[in-house]
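Heads up, the thing below is written out as structure tokens.
Residue numbers (this note's numbering): 13 to 404.
If you want it as structure tokens, here you go:
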């Protein structure tokens with residue numbers, strides 16, 4: 013490591029410590045780029061690998077970290093039920109934000125020099141109780157308390173962890189001030205690759221892209237604790253894993269992202285990037301997944317998302333389109349999406365956005381099909397910081 017980069021890393025480490033000593037109720041993918049950029053990107057420049065067409069996905073290898081890329085996350089959302097039929101939504105996300113590419117790291121420098129910033133976010137939606145709780149953890153991982161790809165642990169911070177317990181089985185745990193989960197996840201479907209030719213494009217020209225796959229359905233069982241009461245739960249989980257080094261395109265002010273699991277065994281993921289002009293970025297896309305696991309890439313003209321109901325936050329004054337009509341003509345499907353709870357807003361100070369559990373009612377080939385999932389809405393409560401342009 014050069015003298016200049018050592019100084020920069022030390023600055024990053026010192027500033028990082030100030031953030032890490034704080035514990036706040038903030039969450040999710042948008043956060044990692046804000047905090048990491050504020051900590052380090054102004055102080056260190058590095059060469060990172062970019063997402064290019066032709067990536068050959070290999071599992072279980074690609075469940076692990078990709079340290080040659082700058083930003084990466086392992087993201088779980090699920091809908092769970094207890095024995096009395098009470099429903100809970102949950103989110104658990106682990107972030108890695110690189111400061112030094114793997115090939116530039118010096119194994120002989122101090123352990124306090126940060127190569128990766130580690131973040132984790134955990135949220136529970138109690139549908140019956142009409143409450144939404146969320147919390148964040150951050151760590152340098154200098155003493156092995158946080159990291160990625162450590163033996164069977166794919167990601168961990170303190171007692172929050174993602175662990176491979178078998179070829180097609182994982183376990184996740186997290187504990188917050190108000191709740192906890194201890195869940196076992198079994199692959200009900202194989203990984204599904206999003207995009208075309210191994211990349212998911214985010215903006216015109218193809219320079220902004222990521223490698224992105226999902227396990228669209230994991231059969232889930234275990235325990236959920238909320239306000240001191242522990243109960244057995246079961247349901248379904250959606251898993252995303254994405255890694256990238258590129259920025260989003262100019263003029264993009266936010267995105268709308270949706271994942272749904274239908275009771276006939278099919279799934280749907282859509283994202284649309286919104287432009288300052290009010291139009292949708294033509295590179296927006298999605299994936300339709302049949303019950304047998306067959307996946308169909310959806311280009312922007314092949315689906316339509318239309319907001320039908322706006323919710324205004326009293327806290328941020330943001331106006332969020334929390335209800336939608338979605339059409340996928342090529343699959344003969346039309347559906348409505350509604351949240352299980354209006355206020356699932358994450359208030360992060362300068363950055364605020366909405367993400368939460370939703371229900372869907374679909375008409376397909378003349379039959380009614382129901383589904384559950386998660387919806388993410390960014391850029392509605394003030395403009396996104398430049399540092400955020402690393403997601404979706």
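The beta-carbon is built from N, C-alpha and C at its ideal position, and this holds for glycine as well. Bear in mind the structure is a predicted one, so any value in this text is a computation, not a measurement.
Where residue 353 is concerned, there is no enclosing beta strand (DSSP E), because DSSP gives it neither an H nor an E. Minimum Cα-Cα distance from residue 75 among the listed residues 89, 371, 377 and 253 corresponds to 253. As DSSP reads the structure, residue 223 sits in a beta bridge with 255.
Straight-line spacing of the CA atoms in residue 371 and residue 351 works out to 6 Å. Beta-bridge annotation (DSSP): residue 67 is not paired with any residue. The alpha-carbon separation between residue 309 and residue 207 amounts to approximately 6 Å. Listed in chain order, the beta strand (DSSP E) elements of length 3 or more contained wholly in the segment 262-330 are 264-274, 279-287, 297-301, 307-311 and 316-324. Annotation: residue 180 is outside any beta strand (DSSP E) and is labelled neither H nor E by DSSP. In this structure, the beta-carbon distance from residue 173 to residue 163 does not fall below 9 Å.
A residue is called buried once 16 or more other Cβ atoms fall within 10 Å of its Cβ, and residue 228 is buried on that count. Of the candidates 232, 380 and 209, the residue whose Cα lies closest to the Cα of residue 199 is 232.
Within 10 angstroms of the beta-carbon of residue 70 lie fewer than 16 other beta-carbons, which makes it exposed. Judged by DSSP in its simplified three-state form, residue 75 adopts helix. If you check the CB distance, residue 171 and residue 153 do not come in under 9 Å. Cβ neighbours of residue 237 within its own chain (closer than 6 Å, five residues either side excluded): 191 and 192. The segment 241-248 and the segment 207-223 do not touch, with fewer than 3 CB-CB distances between them shorter than 8 Å. For a cut-off of 8 Å, the C-beta gap from residue 60 to residue 257 is around 4 Å, short enough to register as a contact.
Within the same chain, and ignoring the five residues on either side of residue 62 in sequence, the residues whose Cβ sits closer than 7 Å to its Cβ are 257 and 258.
Within the segment 153-179, complete beta strand (DSSP E) segments of at least 3 residues are found at 158-162, 165-169 and 172-178, given in chain order. Cβ neighbours of residue 294 within its own chain (closer than 6 Å, five residues either side excluded): 312. 335 is the residue among 329, 335, 340 and 339 whose C-alpha sits nearest the C-alpha of residue 354. Assigned with DSSP and collapsed to three states, residue 228 falls in strand. Boundaries of the beta strand (DSSP E) around residue 196: 191-199.
Out of 386, 394 and 275, the CA that lies nearest to the CA of residue 135 is found in 386. Boundaries of the beta strand (DSSP E) harbouring residue 381: 379-389, taken from the DSSP string. The three-state reading of DSSP puts residue 203 in coil, since its state is none of H, G, I, E or B.
When secondary structure is reduced to three states using DSSP, residue 343 falls in the helix class.
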